[in-house]
Amino acid sequence: MALSIGIVGLPNVGKSTIFNALIEGGAEAANYPFCTIEPNVGLVAVPDPRLERIRKYIPTQKVIPAALNVVDIAGLVRGASKGEGLGNKFLANIRETDAILMAVRCFEDDNITHVEGNVDPIRDIETIEVELAIADLETIEKRIKRATNTARAGNKEARAELTVAERLQAHLQAGRMARSLEMSTEERRIVRDYFLLTLKPVLYACNVGESDLPGGNAFSRLVEERAAAEKARTVVLCAKIEEELASMDPADQQEILEGYGLEEPALNRLVRGSYALLGLQSYFTAGEKEIRAWTIQVGATAPQAAGVIHSDFERGFIRANTYTLADLEQYHTEAAIRGAGKLRAEGKEYVVANGDILHFLFNV
1106 MALSIGIVGL PNVGKSTIFN ALIEGGAEAA NYPFCTIEPN VGLVAVPDPR LERIRKYIPT
1166 QKVIPAALNV VDIAGLVRGA SKGEGLGNKF LANIRETDAI LMAVRCFEDD NITHVEGNVD
1226 PIRDIETIEV ELAIADLETI EKRIKRATNT ARAGNKEARA ELTVAERLQA HLQAGRMARS
1286 LEMSTEERRI VRDYFLLTLK PVLYACNVGE SDLPGGNAFS RLVEERAAAE KARTVVLCAK
1346 IEEELASMDP ADQQEILEGY GLEEPALNRL VRGSYALLGL QSYFTAGEKE IRAWTIQVGA
1406 TAPQAAGVIH SDFERGFIRA NTYTLADLEQ YHTEAAIRGA GKLRAEGKEY VVANGDILHF
1466 LFNV
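This is the structure we're talking about:
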């Protein structure tokens, strides 16, 4: 399954530059069969050095990382929730994504006009959040009206929906995002098909100037403080530099990275942060044809992990022969792992761990 994250932001914050850098491929481009799905949607690799560590011991024809769908969403302006600018397109596109990557301008440049007249990242974040909250309030108000009518007839499910919808309404009206409201598992199930914009997890991308690398600046620190209060994630980057790095060979990248005091392109951290944002992890299959990372939710069982490859694998699941990368690095071959008694036969109740190397046995 491919994670979908939408890049949002005000005009002239570097949103499209970040998208273009991701599409260029970054550090993993040489190993990933990239394709553009639509003009504003790209499929990029989730950087994972464990793949190359596996290949050191299991020769293979190709290596395939996990994938991330990235959507470059139309720039937002004040009044988007009322259809201003490309507001309707903005809201429709973000509704279809699983998470939000919010590009925030944290650099000064007299040659790049700011839509609000000056750089103020917290104001920019609040501008976007207000528009999303207004749209969500309209959705919730419709749900409350519908649930009220049904609840009056004695429908228990409608009464439960009405309770959580009214809580959400009050929460948003108080200026807080839906994702910060504590809800039970049942309440989250009820509101899942509301497709609320402010319920989506957020990763902030602080776009700073070249001279502010690697640690950022006063603007980015304001965003980091806000994110910490929300228990959200941030990545500091210079979109211009990231776009240049993405077009280079890895060998040439290293010299530029060292010059800016960076260990790797910030986009790698951006993609991995997006992956973790949604509670996703990878397991691996490894053989002479391919070594591949497969995306699963944290907590997925072995049959569910098998189903990511093919539904027949889940339906006819028998067991998963399992070992770890640490086992492979210690014993060097699967045969030696088996001989050392480290190859585990896991059944239907096994919860797959991040980085497990699995071979599935099934019968349909």
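Residue numbers (my numbering): 1106 to 1469.
Backbone N, C-alpha and C fix where the C-beta goes; we use that ideal spot for every residue, glycine too.
Note that the structure is predicted; figures quoted are calculated from it, not measured.
query, result
"Nearest neighbour of L1273, chosen from R1257, L1148, K1261 and A1240 [CA to CA]", "A1240"
"The segment 1223 to 1231 in contact with the segment 1247 to 1259 per 3-pair CB rule at 8 Å", "no"
"Per DSSP, cross-strand counterpart(s) of A1150", "A1172"
"Contiguous alpha helix (DSSP H) assignments of at least 4 residues, all confined to the segment 1355 to 1439", "1355 to 1364, 1371 to 1382, 1407 to 1414, 1416 to 1420 and 1430 to 1436"
"Simplified DSSP state of N1216, which is helix, strand or coil", "coil"
"Beta carbon of I1128 nearer than 8 Å to that of L1430", "no"
"Minimum C-alpha distance to A1323 - residue among E1434, C1311 and L1301", "C1311"
"Cβ neighbours of E1213 in the same chain (closer than 8 Å, five flanking residues each side left out)", "V1224 and G1314"
"Every unbroken alpha helix (DSSP H) inside the segment 1283 to 1357 [4 residues or more]", "1290 to 1296, 1323 to 1335 and 1344 to 1351"
"Beta-carbon proximity of K1345 to T1122, cut-off 8 Å", "yes"
"Delimiting residues of the alpha helix (DSSP H) encompassing R1264", "K1261 to Q1278"
"Nearest to V1175 (by Cα), restricted to the options A1275, D1153 and Y1380", "Y1380"
"Neighbourhood of T1339 by C-beta distance below 8 Å, restricted to the same chain and skipping five residues each side", "L1308, Y1309, A1310, C1311, S1325, V1328, E1329 and A1332"
"With 16 other Cβ atoms within 10 Å as the buried cut-off, status of H1276", "buried"
"Residue burial classification, G1384 (beta-carbon count within 10 angstroms, cutoff 16)", "exposed"
"E1133 - DSSP class collapsed to helix/strand/coil", "Note that E1133 scores 41 on pLDDT, short of 50, meaning its location in the model is unreliable; the coordinates nonetheless yield the value given after this. The answer is helix: DSSP assigns E1133 an H, G or I state."
"Buried versus exposed call for D1153 [16 or more other C-beta atoms within 10 Å across all chains shown]", "buried"
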